[in-house]
Amino acid sequence: MQLGWLEITLFSIVLTIVVSALFVRGKNWLDPGFWAVFALVGSLVMFSVLWLLTFDSLKKMSFGSKRVPSPTVINHRVGYSYDPDRKMFVPTIGEEELFFGKKWSEKEAFQLITKGKLAIQSRNCMDCHTLLGNGAYFAPDLTKSWLDPKWDTMIKPMVGAETKEEAISKWLQNPEYYATWQRRMPNLKIDDQEARAIVGYLKFMSAIDTNGFPDHFGQSALAY
Amino acid sequence: MKNPGILYESQKLALWYWALAVVLFGFQLIFGLIISYQYLQPEFLHKIFNFSVGRLLHLNAMILWLLFGFIGGIYWFLPLETQREIVGLFLGKMAFVLIAVAVGIVVGVFLLVQIGKADWVTLWFITEGREYIEAPRWADIGIVAVFSIIFFNVLATIWKAQKLKGILWVLTLDLLAIIGFYIAGMFFTPNISVDQFWWWWVVHLWVEATWEVLVGVLVAWVLMAVLDTPRKILEGWLYLEVFLVFGTGILGLGHHYFWIGAPEYWLGIGGFFSALEPLPLVAMVVHAVYDAGMHRLTTTNKPAFFWIVFQSFGNFLGAGVWGFMHTLPQINLYSHGTQITAAHGHLAFFGAYVATNIAMIYTALQKIRLSKGGNLDGRLWRWTFVGFILSIFGITAPLTVAGFAQTFIERAVGGSTWQAYINGQLHPWVKEAMAWRFGFGIMFFICYLMLVIDLCTIGKQPVDKENTHCL
Numbered sequence: 001m002q003l004g005w006l007e008i009t010l011f012s013i014v015l016t017i018v019v020s021a022l023f024v025r026g027k028n029w030l031d032p033g034f035w036a037v038f039a040l041v042g043s044l045v046m047f048s049v050l051w052l053l054t055f056d057s058l059k060k061m062s063f064g065s066k067r068v069p070s071p072t073v074i075n076h077r078v079g080y081s082y083d084p085d086r087k088m089f090v091p092t093i094g095e096e097e098l099f100f101g102k103k104w105s106e107k108e109a110f111q112l113i114t115k116g117k118l119a120i121q122s123r124n125c126m127d128c129h130t131l132l133g134n135g136a137y138f139a140p141d142l143t144k145s146w147l148d149p150k151w152d153t154m155i156k157p158m159v160g161a162e163t164k165e166e167a168i169s170k171w172l173q174n175p176e177y178y179a180t181w182q183r184r185m186p187n188l189k190i191d192d193q194e195a196r197a198i199v200g201y202l203k204f205m206s207a208i209d210t211n212g213f214p215d216h217f218g219q220s221a222l223a224y
Numbered sequence: 001m002k003n004p005g006i007l008y009e010s011q012k013l014a015l016w017y018w019a020l021a022v023v024l025f026g027f028q029l030i031f032g033l034i035i036s037y038q039y040l041q042p043e044f045l046h047k048i049f050n051f052s053v054g055r056l057l058h059l060n061a062m063i064l065w066l067l068f069g070f071i072g073g074i075y076w077f078l079p080l081e082t083q084r085e086i087v088g089l090f091l092g093k094m095a096f097v098l099i100a101v102a103v104g105i106v107v108g109v110f111l112l113v114q115i116g117k118a119d120w121v122t123l124w125f126i127t128e129g130r131e132y133i134e135a136p137r138w139a140d141i142g143i144v145a146v147f148s149i150i151f152f153n154v155l156a157t158i159w160k161a162q163k164l165k166g167i168l169w170v171l172t173l174d175l176l177a178i179i180g181f182y183i184a185g186m187f188f189t190p191n192i193s194v195d196q197f198w199w200w201w202v203v204h205l206w207v208e209a210t211w212e213v214l215v216g217v218l219v220a221w222v223l224m225a226v227l228d229t230p231r232k233i234l235e236g237w238l239y240l241e242v243f244l245v246f247g248t249g250i251l252g253l254g255h256h257y258f259w260i261g262a263p264e265y266w267l268g269i270g271g272f273f274s275a276l277e278p279l280p281l282v283a284m285v286v287h288a289v290y291d292a293g294m295h296r297l298t299t300t301n302k303p304a305f306f307w308i309v310f311q312s313f314g315n316f317l318g319a320g321v322w323g324f325m326h327t328l329p330q331i332n333l334y335s336h337g338t339q340i341t342a343a344h345g346h347l348a349f350f351g352a353y354v355a356t357n358i359a360m361i362y363t364a365l366q367k368i369r370l371s372k373g374g375n376l377d378g379r380l381w382r383w384t385f386v387g388f389i390l391s392i393f394g395i396t397a398p399l400t401v402a403g404f405a406q407t408f409i410e411r412a413v414g415g416s417t418w419q420a421y422i423n424g425q426l427h428p429w430v431k432e433a434m435a436w437r438f439g440f441g442i443m444f445f446i447c448y449l450m451l452v453i454d455l456c457t458i459g460k461q462p463v464d465k466e467n468t469h470c471l
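Residue numbers (full-length UniProt numbering), protein chains in the order written: chain A, 1 to 224; chain B, 1 to 471.
Laid out in structure tokens, this is it:
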């Protein structure tokens, strides 16, 4: 079902006021009990609406939905382009493209990104980087970092890799060997399997529809 | 004052919690200083004590010491409200010992082990790796257990005293919500959008809803203690505040769902309700000014009174104004994930929660040190008060400037790439701001030391009689 934000907002406010007004008939507005009714009704209404929207949102954010792709998206070329209808940048999923030289079955892809997520959590990535914009601000945002031009222009030649995924994987395992900037990533003892899983996760994450965040990622001529 | 000089056992337990809270506050600041210095000198302790470890400890020490402060407040005021000793005192003491030991173990693991392999052992015993709720799973269960004990103690005490009305039922329901929302953060999913969706249930619904209501309760008690504000007025205001905080804050959660992969309707819902979120905070400022005026600033406990009045202003500025600055989706698209968020966080936590805890501790000290009644006052707390406020604004302002620069250079112009990030960080508005932030951080730490000295000494020497009772 397509839900409009204005309808939901007005519905919850009107419902709160009408129900509260029914309960406080005859009460003096200076009496604390008057506001106790508003406090209880308001909390219950808002929480119920949140609960209903949560079911709807979780459905729309499940693997394989329009917003969050299936893990097998790693078998495809992922891009980011402007959608004039929605007036925002949206991920695009293109033709098939081998990932680490092979096509991943649904089960393999799911296992890969599960391991990738575990690796990201076990290394506390969010305490330096941001993911989907949440985390710390000591290091760059990783939401669309799979699409970052720097992997091709700088890291690939630096680590001597054939493909982007190999370049990221090598770089993640030994970030201290390759000078990038004065603020450097420490060696987090990421092994080869974990590095591949993290790369898979970055590719998967770049295909999530984030309502246009970050805006025009990688499309600025001023920052290559 | 009722029962002058005699402390309930529950109040002695409160003092344990506050002592631990103040120590953890110090640790929070030390870790904060280390990581803010790493912004200036990235090589500092590189590979030994990385930024990620320091930040994790900075955040978690803060969350824990604020919680311990609140728990202390509950144990301090509950017997006064119910006019009886709490039920389940032994449970309460046991919970304290357990949580103190658990905090020690978790901090030890964070310092020495730091990271793990990509498996379940890491999530259960080292770190969950999710910002703010990094505590390993076993410690999460411990937190829920401790809060359940507190919930039980509150409910059982109220039950025995036959007093479930007024402020107490707000506290009871709020504690239940605190426990419930925390459980939303205890699972693993490979779907990061779903992960973040539930993660915000803990992070937002704790800090911007249940904690706000909890400090509403605590502030009401402090006002009763230091200003003798009539209960009826406080109750009316508390209910109105709960209505406004929950009425705006629950769906205000939507401002965190803009960019995590959630449906587009959250842009509108989140923007609308979070724009209303400052409302209860404005109401609190009005209330504080009104109340202070009604009493012509007369109080026997000036430090607690000043901190509680500042609480309303700090909460309004930090949570309300700095929050509203970047809450609309049109702005947040570019400001999200920049130092503006850090600026907002620093000022809001200090204003809303740190101030409340300090005020509560001063309230308690009056009863302990001046058992026969009398004024709690002195010189040092004034310097501390002014110093803290100056330094927190000194931390917030440069972070705000840095955040604006990042918003423009890194996000709006640069398109948020790795290089755009570096370009933003190299801009003088960001680089120099980080130096200012560090400098005011040191000042803040000095104020902390002064606060500790003052808490240890205030009230032990008689106060100059001429200067009492009125400002």
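Glycine included, C-beta positions come from ideal geometry on N, C-alpha and C.
Given the structure is predicted, the values throughout are model-derived calculations rather than measurements.
Under 9 Å between C-beta atoms of residue i and residue j
| i | j | result |
| --- | --- | --- |
| Glu212 (chain B) | Asn315 (chain B) | yes |
| Thr114 (chain A) | Thr130 (chain A) | no |
| Pro214 (chain A) | Arg411 (chain B) | yes |
| Gln162 (chain B) | Ile260 (chain B) | no |
| Val90 (chain A) | Ser206 (chain A) | no |
| Thr127 (chain B) | Phe110 (chain B) | yes |
| Ser10 (chain B) | Ile86 (chain B) | yes |
| Gly185 (chain B) | Asp140 (chain B) | yes |
| Thr299 (chain B) | Gly373 (chain B) | no |
| Leu164 (chain B) | Ala39 (chain A) | no |
| Leu328 (chain B) | Gly415 (chain B) | no |
| Arg437 (chain B) | Ser36 (chain B) | yes |
| Asn332 (chain B) | His255 (chain B) | yes |
N- and C-terminal bounds of the alpha helix (DSSP H) containing residue i
| i | result |
| --- | --- |
| Met443 (chain B) | 428-457 |
| Val78 (chain A) | Premise fails: Val78 (chain A) lies in the beta strand (DSSP E), 76-83, not in any alpha helix (DSSP H). |
| Ile93 (chain A) | Looking at the DSSP string, Ile93 (chain A) is not in any alpha helix (DSSP H); the run it does join, the beta strand (DSSP E), is 88-96. |
| Val87 (chain B) | Run containing Val87 (chain B): none; DSSP gives neither H nor E here. |
| Val16 (chain A) | The displayed chain sequence assigns Thr, not Val, to residue 16 (chain A). Run containing Thr16 (chain A): 5-23, per the alpha helix (DSSP H) assignment. |
| Gly216 (chain B) | 211-227 |
| Ile6 (chain B) | Careful: Ile6 (chain B) lies outside any alpha helix (DSSP H) and carries neither H nor E. |
| Lys232 (chain B) | 231-252 |
Interface flag, residue i vs chain B, CB-CB below 9 Å
| i | result |
| --- | --- |
| Leu131 (chain A) | yes |
| Asp127 (chain A) | yes |
| Thr143 (chain A) | yes |
| Val78 (chain A) | no |
| Tyr137 (chain A) | yes |
| Arg196 (chain A) | no |
| Leu3 (chain A) | yes |
Residue i at chain A interface by Cβ criterion, 9 Å
| i | result |
| --- | --- |
| Phe258 (chain B) | yes |
| Arg130 (chain B) | yes |
| Phe310 (chain B) | no |
| Lys47 (chain B) | yes |
| Leu123 (chain B) | yes |
| residue 491 (chain B) | Only positions 1 to 471 of chain B appear in the structure, and residue 491 (chain B) is not among them; the question remains open. |
| Trp429 (chain B) | no |
| Leu471 (chain B) | With a pLDDT of only 46 at Leu471 (chain B), under 50, the local geometry of the prediction cannot be trusted, and the value read off the model is given with reservation. Not one chain A Cβ lies under 9 Å of Leu471 (chain B). |
| Glu81 (chain B) | no |
| Leu56 (chain B) | yes |
| Ala118 (chain B) | yes |
### Query
Is there contact between the stretch 1-15 of chain A and the stretch 24-33 of chain A, where contact requires at least three CB pairs shorter than 8 Å?
Three or more Cβ pairs closer than 8 Å define a contact, and the stretch 1-15 of chain A falls short of that threshold against the stretch 24-33 of chain A.
### Touch test, the stretch 436-451 of chain B against the stretch 393-407 of chain B, Cβ-Cβ under 8 Å, three pairs minimum
A contact between stretches requires three or more CB pairs, one per stretch, nearer than 8 Å, and the stretch 436-451 of chain B meets this requirement with the stretch 393-407 of chain B.
### Task
Below 7 Å between beta carbons is the criterion; list the residues of the stretch 201-223 of chain A that meet it against any residue of chain B, in chain order.
Answer in chain order: Met205, Ile208, Asp209, Thr210, Asn211, Gly212, Phe213, Pro214, Asp215, His216, Phe217, Gly218, Gln219, Ser220, Leu222, Ala223.
### Sufficient close CB pairs (3 or more, under 8 Å) joining the stretch 275-286 of chain B to the stretch 336-350 of chain B
When C-beta atoms of the stretch 275-286 of chain B are compared with those of the stretch 336-350 of chain B, fewer than three pairs fall below 8 Å, so the two segments do not count as touching.
### Query
Which of the residues in the stretch 49-61 of chain A, read from start to end, lie with their CB under 8 Å from any CB of chain B?
Those would be Val49, Leu50, Leu53, Thr54, Asp56, Ser57, Leu58, Lys60, Met61, in chain order.
### Task
Return the residues of the stretch 179-201 of chain B that lie within a Cβ-Cβ distance of less than 7 Å from chain A, sorted by chain order.
Residues of the stretch 179-201 of chain B with a Cβ closer than 7 Å to any Cβ of chain A, in chain order: Pro190, Asn191, Ile192, Ser193, Val194, Gln196, Phe197.
### Query
Does the count of Cβ pairs from the stretch 119-129 of chain B and the stretch 150-160 of chain B closer than 8 Å reach three?
Cβ pair count under 8 Å is below three, so no.
### Selection of the stretch 409-427 of chain B by Cβ proximity to chain A, strictly under 7 Å
Going along the stretch 409-427 of chain B in chain order, one finds Arg411, Val413, Gly414, Gly415, Ser416, Thr417, Trp418, Gln419, Ala420, Tyr421, Ile422, Asn423 with a Cβ nearer than 7 Å to chain A.
### Query
Closer than 8 Å, Cβ to any Cβ of chain A: which residues of the stretch 264-277 of chain B, in chain order?
Within the stretch 264-277 of chain B, the qualifying residues are Glu264, Tyr265, Trp266, Leu267, Gly268, Ile269, Phe272, Phe273.
#### Entry: At least 3 beta-carbon pairs within less than 8 Å: the stretch 6-20 of chain B vs the stretch 61-81 of chain B
Because the criterion of three Cβ pairs below 8 Å is met, the stretch 6-20 of chain B and the stretch 61-81 of chain B touch.
### Message
By the 7 Å beta-carbon criterion, what residues does the stretch 198-229 of chain B contribute toward chain A?
### Response
Cβ contacts with chain A: none found.
#### Entry: Segment contact, 8 Å Cβ cut-off, at least three pairs: the stretch 51-71 of chain A with the stretch 263-274 of chain B
By the Cβ rule, the stretch 51-71 of chain A counts as touching the stretch 263-274 of chain B, because three or more pairs are nearer than 8 Å.
#### Entry: Given 8 Å, three or more beta-carbon pairs between the stretch 359-378 of chain B and the stretch 173-193 of chain A
With fewer than three CB-CB distances shorter than 8 Å, the stretch 359-378 of chain B does not count as touching the stretch 173-193 of chain A.
### Query
Is it a yes or a no for the stretch 398-408 of chain B touching the stretch 378-385 of chain B, going by three-plus beta-carbon pairs under 8 Å?
Contact between the stretch 398-408 of chain B and the stretch 378-385 of chain B is absent: fewer than three C-beta pairs spanning the two stretches fall below 8 Å.
#### Entry: Sufficient close CB pairs (3 or more, under 8 Å) joining the stretch 101-118 of chain A to the stretch 309-326 of chain B
No, the stretch 101-118 of chain A does not touch the stretch 309-326 of chain B.
### Query
If we count Cβ pairs, one from each stretch, closer than 8 Å, do we get three or more for the stretch 49-66 of chain B versus the stretch 115-127 of chain A?
Yes: at least three Cβ pairs fall under 8 Å.
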